[in-house]
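Residue 565 in the working numbering sits at position 564 of the sequence shown, and the numbers go up by one each step.
Quick reminder that beta carbons are idealized off the backbone N, C-alpha and C, glycines included.
Note that the structure is predicted; figures quoted are calculated from it, not measured.
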Amino acid sequence: MEQDWGGNRENTSFSEQVAGRDQLKVKRHIIIKRCFRTPTVTSPQQLELWHRNYQAASGSLKSRDAVIQETQSDQLDEDTIKTCIAELAEEVPVANGFCSDCQHLFNNWPDLGDLEVKDPGTGLNWVGSGADWKHTVAKECHTLVIEAAVRNGCKFCAFILQTIVDAELLGTFRRIEARLGYLNDRAMASLSLQNWGINTQQLLWINFPGKVSDHCNRGIALEMTFESAVLEPSVDTYDEPREVLDIANTWTKKCFEDHPDCNKETPGALPTRLVSIAGNVPQLVPTAGWETKPRYSTISHRWGNEDFIKLTEKNHDSFLKEIPLHELPKTFRDAIYISRRLGLDYIWIDSLCILQGNTEDWRREASLMGSVYGGSFVNIAAASAVNVHEGCFLKSPNLVDGLRASITVNGSKLVREFLSRHVYSMSTTKSHLATRAWAVQEMILSPRTIHFGNRGAFWECRTTTANEFLPDGFQRDLGGGLNDERSRQASFEGWWWNVVRLYSAAELTFSQDKLPALSGIVRRIHEERGGQYLAGMWREEDIEAQLCWRVMALQKRPPWRAPSWSWTAIDGEVLFQERQPGALDNMYAHVLDAETQPIGQDPFGEVRGGSLRIRCSGMLAARFSSANTVKIESEEPDVNEEGGYPVSLDCLDDEWEIGAGPVYLLPLFGGKTGSRLILHNNEDEPIVEFMICGILLRQESGLSGQFCRIGMFRFFKDQTHRSDERDVYDPFCKAFEQGAMSVAESVCAKVIDNAELTNERYVITLV
């Protein structure tokens, strides 16, 4: 007989339901108490002091706060915890996909008032400040009880647990729970919810035990918030499980039939070779002479360090007859199985379709990646596999990455969709596969990609996104996806900067692949937009702003592969200085002309050299006073009394510049950033933020007017909101006004003698 944990049980009174839940809580507390018999710290006095500090702490604690960090050295008894969870599972009933606690919450969803508030300026629905941003604690929860409910099949508890795990805070919660349990403090974690922004949206987060953050922008709420939106009561809540490849078939069919942006003809040749999977035996097939392009899949994967079967000149002829299926690594076998289930007869796999060890074949095929992936029917991404032997199907059976649930608010029945704010990135751009640079290009080029990994299956095409838990797509448009055609068309600069950030953070087996592994994307962009491509940058897209990239974590300088002014010259994640279009008032330099010299026939691949010729309004000479600070040589002693201007180097190797001679600060642009600040001493009146951004140069030995880049700088006016940076904006402006022209004239290649050019008269070359 089916159990019912709903709120309308005819034979059970409300008081009996409450008594039943209270009895369960008592039993659970007894089990949890046994789990924490032994203190997690050696000194009882130390534990008591911590407890007093914890109780006195604000509800908006952050994980980095001292009272939380103090618990990190505690050793958890994992065996006892497992035993405790197993015992708790006997006391956590689950029916119809939800435990009794979650079902009680859904049946009595808090009413936070009407969210539909009209903005008088636009007429749009919007939530104002103050009372409109109501919040409440929806339920208490203990991580051990949550995990017990997950084992029994509760989808909402599984979703909550995954939120804590994603924030890397499960161990922290357990340590706090252990300390409180030993001290007989029955405080538990809790789930808060708050009205948010537009219409029926709400944000939810998990609070530290005994604490409540009162706003989604404070404390722990910032670290693990998820969101919820109301849907019509008639929508599918996906109560009946579906096989993931049936869902995948639905995705591909709908996309092929209904998405014009995903079905645009991709120019370019067929792959030179494909693997036929139509019969029982896979075999290599050359495509020379084919007049029509068949539907085929591609695969994105990490090779790993272990050996596996590959196409070579030695086995080429035998592969034309048969590729031994049983010898293929699991990821390839899974991809073939998926492709067959999707009704495809061909698949392209890099190591089986490119001759390994043949440089000429590799270079030719690498230049075709845009058409290989862009012309595919679907790309299969092995998102979580660290090598080719792990396969595609790695999802934990209990994982839930989004759900819908029927809820009742004041007697009205609705459906709410619950979604992680990081659902896109966790399945795609933050997956293990995304740490491989070639895979970044492959995912962007493909019209459709299905990511298979430890988050389940995630669908991404140029029109929409979905996952196996919410297969009809998400209530909120996630936007900003790397394959999102609308995002790319709306702001190419923003889209490209996102690509650069993800790509630059990824790894390459061979350093010289930095430009080739990006060339497919570049070729596609060039075919659509034109423009001059310069080793990772676009001349027509505010090239001066692109020059102000900065690296997040310094690494050793790799062998030369690009000019110093390009982010492709170095390793590590790169960011650009964001600014609002039109908000920058001052330009201190402009690029006059630019060029790169390709090594081979591919104009978007490897280069042997490149230069920028820049006219500027001035430069300042400086010397290093520390590893990340320079002192301007011509500056008067009282201009910057604390001494030194903060700079960001490009590579660890550049630290040898300290004491090695002068370096030069070349500002490129400045003015309003578009941000508005509230200063600590005047919280009622926000001010407009100003900045100056530029690059740090070293003069090439013996070459007048020729420089290479070694770093960048950015100075903000009114630094009270940036605790790690002093306010050096005004001192720099004064120093620049006093000495920048004379310095530039002494080191530049040419002074432009033009009465109309009162500024930017000094010409230098960057290499």
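Asked	Found
Backbone CA spacing between GLY532 and LEU329 [nearest angstrom]	43 Å
Among ALA623, ILE696 and PHE475, nearest to VAL231 - alpha-carbon criterion	PHE475
Rounded C-alpha distance that separates ASN683 from GLU690	Here the model assigns ASN683 a pLDDT of 49, short of 50, so the residue's position is not dependable, and the following value carries that caveat. Answer to the nearest angstrom: the Cα atoms are 14 Å apart.
Euclidean distance between Cα positions of CYS103 and PHE209	19 Å
Cβ-based burial, ARG1 [other Cβ within 10 Å; buried from 16]	A question about residue 1 goes unanswered here, because the residues of the chain that appear run from 2 up to 768.
Same chain, Cβ closer than 7 Å to LEU669, neighbours up to 5 away in sequence not counted	GLU545, LEU548, CYS549, TYR589, ALA590, CYS694, GLY695 and ILE696
Which listed residue (GLN202, VAL236, SER235 and SER191) has its alpha carbon closest to that of SER214	SER191
Extent of the continuous beta strand (DSSP E) run through LEU613	608-617
Of the listed residues PRO560, ALA570, ARG715 and PRO559, nearest to ASN1 (C-alpha basis)	There is simply no residue 1 to check, as the chain begins at 2 and stops at 768 in what is shown.
Minimum length 4: unbroken alpha helix (DSSP H) runs contained in the segment 405-489	424-428 and 438-446
Cutoff 7 Å; reference ILE310; Cβ partners in own chain excluding five residues on either side	GLU328 and LEU329
Per DSSP, the bridge partner or partners of ALA745	Per DSSP, none; premise fails for ALA745.
CB contact flag (TYR665, LEU704, <8 Å)	no
Beta-ladder partner(s) of PRO668, from DSSP	GLY695
VAL575 and SER512 closer than 8 Å at C-beta	no
Residues near LEU113 by beta carbon distance below 6 Å, same chain, minus five either side	LYS135 and ASN196
Member of CYS393, GLY154 and SER428 whose CA lies at the smallest distance from the CA of ALA96	GLY154
ALA57 classed as buried or exposed, judged by whether at least 16 other C-beta atoms fall within 10 angstroms	exposed
Rounded separation between GLU117 and THR201 - CA only	Any reading at GLU117 must be qualified, since the residue scores a pLDDT of 45, below 50, and its modelled position is unreliable; the value itself is stated next. Between GLU117 and THR201, the C-alpha separation is close to 7 Å.
Environment of VAL434 [buried if 16+ CB atoms lie within 10 Å]	Note that residue 434 corresponds to Leu in the displayed sequence, not to Val. When all chains shown are included, LEU434 counts as buried.
Inter-residue Cα distance where the pair is GLU258 and LYS265	12 Å
Sheet register partners of GLU596 (DSSP bridge)	SER612
Boundaries (first-last residue) of the beta strand (DSSP E) holding ASN760	It is not in any beta strand (DSSP E) - ASN760 carries neither H nor E in the DSSP assignment.
Cβ-based burial, THR293 [other Cβ within 10 Å; buried from 16]	exposed
For GLN556, the three-state DSSP class (helix, strand or coil)	coil
Beta-carbon contacts of ALA623 that lie in its chain and below 8 Å, excluding the five residues immediately before and after	VAL631, LYS632, ILE633, GLU634, TYR646, PRO663, VAL664, TYR665 and LEU666
As assigned by DSSP and simplified to three states, the class of ALA67	helix
Spatially closest choice to LYS331 from VAL387, MET370 and GLY403, by CA coordinates	VAL387
CB contact flag (GLY269, GLY376, <8 Å)	yes
Terminal residues of the alpha helix (DSSP H) in which GLU1 lies	Any answer about residue 1 is impossible in this case: the structure gives the chain only from 2 up to 768.
Length-filtered (3 minimum) beta strand (DSSP E) runs lying within the segment 339-409	347-349 and 379-383
Cβ shell of GLU541 (< 6 Å), same chain only, five flanking positions each side left out	GLY532
For TRP568, the nearest candidate out of GLN602, LYS515, ASP543 and ALA595 (CA to CA)	LYS515
Sub-8 Å separation of GLU314 and ASN359 beta-carbons	yes
Unbroken alpha helix (DSSP H) run spanning LYS156, endpoints	156-167
Status (buried if at least 16 other CB within 10 Å, exposed otherwise) for PHE174	buried
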